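Residue numbers (this note's numbering): 392 to 541. Backbone N, C-alpha and C define an ideal beta-carbon position, used for all residues, glycine too. This one's a predicted model, so the numbers in the text were calculated from it and none came from an experiment. First up is the structure itself, then whatever we jot down about it.
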Amino acid sequence: MKKLLLLFPAIVLCTTLSLISCNTSKNANTNLPIDIADRPADEDSQKYEQAQLDKLKASIESEVSGEKCTDAGEWTFAPMGAKSCGGPQQYIAYPKKIEATFLPRVNDYTDKIKAFNQKYNIMSDCVMITPPTSLKCINGKIKLITPDTN
Numbered sequence: 392m393k394k395l396l397l398l399f400p401a402i403v404l405c406t407t408l409s410l411i412s413c414n415t416s417k418n419a420n421t422n423l424p425i426d427i428a429d430r431p432a433d434e435d436s437q438k439y440e441q442a443q444l445d446k447l448k449a450s451i452e453s454e455v456s457g458e459k460c461t462d463a464g465e466w467t468f469a470p471m472g473a474k475s476c477g478g479p480q481q482y483i484a485y486p487k488k489i490e491a492t493f494l495p496r497v498n499d500y501t502d503k504i505k506a507f508n509q510k511y512n513i514m515s516d517c518v519m520i521t522p523p524t525s526l527k528c529i530n531g532k533i534k535l536i537t538p539d540t541n
């Protein structure tokens, strides 16, 4: 009889713990990411900063892509971005009439790329991007002309 009295509280305790543990799994937050790579990007993450830089670059490029080219003499170019081992990522052509507002945006982007490269120790190819030798209007679009390397 004494064994039965000791067994009864143990059974009640096990049943209670089982019910409680089943209940907590029903209320678990299912919005949590499964993998650390799937976690939402915060403002301090490399992914977030890269996305912001990509948006800025797209904005700069779209500003000039809408410009119609009729005279290449009204256009010029500037280096844009920065490779981690030095030199620009690319050259961008723009109309001289928007130079006062356009160049500060390009320089801001370049400075942000340099800071990003340094902050995250970004490695890149060290291929030198050859500056254009001239500009041409082709079908209403500006084209950067570089020396033929062949």
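Under the three-pair Cβ rule at 8 Å, the stretch 449-457 counts as touching the stretch 487-498. When the alpha-carbon of residue 475 is set against those of 469, 502, 483, 521, the nearest one is in 502. One alpha carbon belongs to residue 531, the other to residue 482, and they sit about 19 Å apart. Residue nearest to residue 528 within the set 435, 464, 442 is 464 (criterion: CA-CA distance). In this structure, DSSP gives residue 520 a state outside helix and strand, which the three-state scheme calls coil. Our two residues, residue 504 and residue 473, have alpha carbons roughly 6 Å apart in a direct line.
With a cutoff of 9 Å on beta-carbon distance, residue 479 and residue 520 are scored as near each other.
By the beta-carbon neighbour count (other beta carbons within 10 angstroms, threshold 16), residue 506 is exposed. Within the DSSP secondary-structure output, residue 484 pairs in a beta bridge with 468.
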